[in-house]
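Report on the structure given below.
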Amino acid sequence: MGGPVARSTGSVPFDADRDVPGLIVKFGDYPLHHGGVGAIRSLGRLGIPMYAMTEDRYTPAAASRYLRRAFVWPTTGTEEPERLVEGLLRIGHLIGRPAVLIPTDEEAAVLIAEHQEALADRGRFLFPRVDAKLPRRLASKQGLHELCVEHGIPSPAAAFPQSYDDIVRFAEKARFPLVAKNREAFVRRSRPAVNGTTRIATREGLLTLARDWGDHPGVILQEYLPREEAEDWIVHAYFDADSTPLAMFTGVKVRSWPPHAGMTANAYVVDNPELADLAARFIKQIGFSGVIDLDLRFDRRDGQYKLLDFNPRMGAQFRLFENESGWTSSAPCTST
Ligand SMILES: Nc1ncnc2c1ncn2[C@@H]1O[C@H](COP(=O)(O)OP(=O)(O)O)[C@@H](O)[C@H]1O
Ligand SMILES: [Mg+2]
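Under the UniProt record's numbering, the residue at position 277 of the sequence shown is numbered 277, and the numbers go up by one with no gaps.
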């Protein structure tokens with residue numbers, strides 16, 4: 001990743017509160033996660049006592065010199081929510097004072113949103129309050145598409161087939177190539193239909209793949225926005241209790257892994273006020289508070305930014321963005 005130091009839209013002075021610890025919350029088995037390590041280093045360097053859930057004692061996060069303590073707790077992301085809440089409460093007890101929760105995946109962000117009372121009251125954890133149902137809707141590709149339609153935000157045309165027959169009917173009229181994604185962030189771990197964003201070139205290709213998707217295919221079939229006519233943009237920001245951005249950064253993703261469909265491998269900071277306005281307007285409309293990481297694809301054919309992905313939590317590549325005063329989008333989590 002590279003690029004100049006970003007300018008954030010606001011110039012809010014901040015002072016890290018070094019008495020309040022941060023806890024990286026992750027569910028699922030992905031030990032080589034650079035985003036979590038980035039947050040531990042960024043916040044740890046500010047003097048904030050950092051803690052993390054880790055798969056074992058030897059992950060990069062667990063080994064960071066900036067980590068005060070790793071809580072070894074291997075999870076799959078498919079556990080009963082009550083068990084996960086209990087585990088978090090136990091960790092909170094061991095930390096011994098109120099800590100800010102920093103989720104690094106959808107499972108964690110949704111769990112926190114849906115158990116705010118237990119985590120705030122019994123766990124004394126700190127986190128931005130949000131409509132309990134909103135993060136689950138945002139993390140769902142179908143939920144996000146419906147919110148975009150409701151609020152007039154451009155997004156690629158999409159179909160949500162409920163059966164194999166639906167797919168056969170859809171395939172007769174569909175334009176190829178198209179893109180298949182897992183509809184819900186959550187089936188991704190338990191029974192994923194596709195490994196990730198998958199480009200499908202032909203009708204036959206779609207029908208062959210769909211035979212493995214079972215009676216109730218958990219996929220979204222999306223219009224393909226051609227690479228030759230598109231740019232991938234990212235937005236990282238923090239929104240306060242009134243859904244006003246305190247920090248907002250925009251950038252362009254130029255490489256990903258797997259190629260053309262995956263995580264950011266190379267990106268640049270590019271100031272884009274039009275995109276920042278679009279993101280701020282949408283988030284105000286839906287009333288979200290907290291850290292966000294958005295993926296949008298600019299379609300040169302109609303000049304629109306199409307919202308693809310809304311991660312209601314810190315993005316793994318957040319270290320790309322830092323302003324003159326050392327703000328990153330994760331910093332407000334622990335600032336006063
Ligand atoms: N409809 C599409 N047309 C073309 N490329 C797409 C489309 N949807 C996603 N992509 C590419 O795949 C990447 C990952 O897609 P995204 O919707 O963000 O899924 P994920 O939840 O896996 O991050 C995007 O950043 C973009 O590069
Ligand atoms: Mg994405």
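Just so you know, even glycine gets a beta-carbon here, dropped at the ideal spot from N, CA and C.
Reduced DSSP category for residue i - H, G, I as helix; E, B as strand; rest coil
i, result
"residue 367", "Past the edges of the chain, shown from 1 to 336, lies residue 367, and the structure says nothing about it."
"residue 126", "strand"
"residue 163", "coil"
"residue 223", "strand"
"residue 245", "strand"
"residue 318", "helix"
"residue 286", "helix"
"residue 32", "coil"
"residue 43", "helix"
"residue 208", "helix"
"residue 15", "coil"
"residue 48", "coil"
"residue 299", "strand"
"residue 237", "strand"
"residue 37", "helix"
"residue 254", "strand"
"residue 121", "helix"
"residue 309", "strand"
"residue 277", "helix"
"residue 110", "helix"
Minimum C-alpha distance to residue i - residue among the options
i, options, result
"residue 276", "292, 40, 264, 126", "292"
"residue 204", "218, 177, 224", "177"
"residue 77", "88, 210, 268, 189", "189"
"residue 133", "221, 180, 90, 107", "107"
"residue 68", "207, 48, 191, 270", "48"
"residue 269", "281, 235, 139, 40", "235"
"residue 384", "250, 285, 298, 289", "A query on residue 384 cannot be resolved here, the shown segment of the chain reaching from 1 to 336 and no further."
"residue 200", "179, 184, 287, 216", "179"
"residue 151", "37, 307, 115", "307"
"residue 148", "278, 87, 241, 63", "278"
"residue 26", "59, 42, 323", "59"
"residue 207", "146, 302, 169", "169"
"residue 173", "184, 181, 127, 159", "159"
"residue 83", "115, 57, 155, 165", "115"
"residue 39", "31, 136, 52, 194", "52"
"residue 230", "246, 305, 211, 294", "305"
"residue 216", "318, 86, 96, 192", "192"
"residue 315", "45, 105, 63", "105"
"residue 283", "23, 209, 245", "245"
"residue 239", "161, 22, 127", "127"
"residue 247", "221, 322, 102", "322"
"residue 263", "253, 271, 272", "253"
"residue 45", "274, 16, 257", "16"
Proximity test, residue i beta-carbon vs ligand 1 heavy atom, cut-off 7 Å
i, result
"residue 181", "yes"
"residue 116", "no"
"residue 156", "yes"
"residue 301", "no"
"residue 247", "no"
"residue 30", "no"
"residue 261", "yes"
"residue 251", "no"
"residue 190", "no"
"residue 23", "no"
"residue 232", "yes"
"residue 287", "no"
"residue 196", "yes"
"residue 51", "no"
"residue 297", "yes"
"residue 223", "yes"
"residue 256", "yes"
Residue-level contact to chain C via CB, residue i, 8 Å cutoff
i, result
"residue 264", "Annotation note: the requested chain C is absent from the structure, which comprises a single protein chain."
Any non-hydrogen atom of ligand 4 closer than 7 Å to residue i Cβ
i, result
"residue 317", "This structure lacks ligand 4; its bound ligands are ligand 1 and ligand 2."
### Task
Could you tell me which uninterrupted alpha helix (DSSP H) segments, each at least 4 residues in length, are contained entirely in the stretch 51-106, listed from first to last along the chain?
60-63, 81-95
#### Entry: Under 6 Å, CB to nearest heavy atom of ligand 2: contacting residues
295, 309
### Length at least 3, wholly inside the stretch 135-196: the beta strand (DSSP E) runs in chain order
Entirely contained in the stretch 135-196, the beta strand (DSSP E) runs reaching 3 residues are, in chain order, 178-182.
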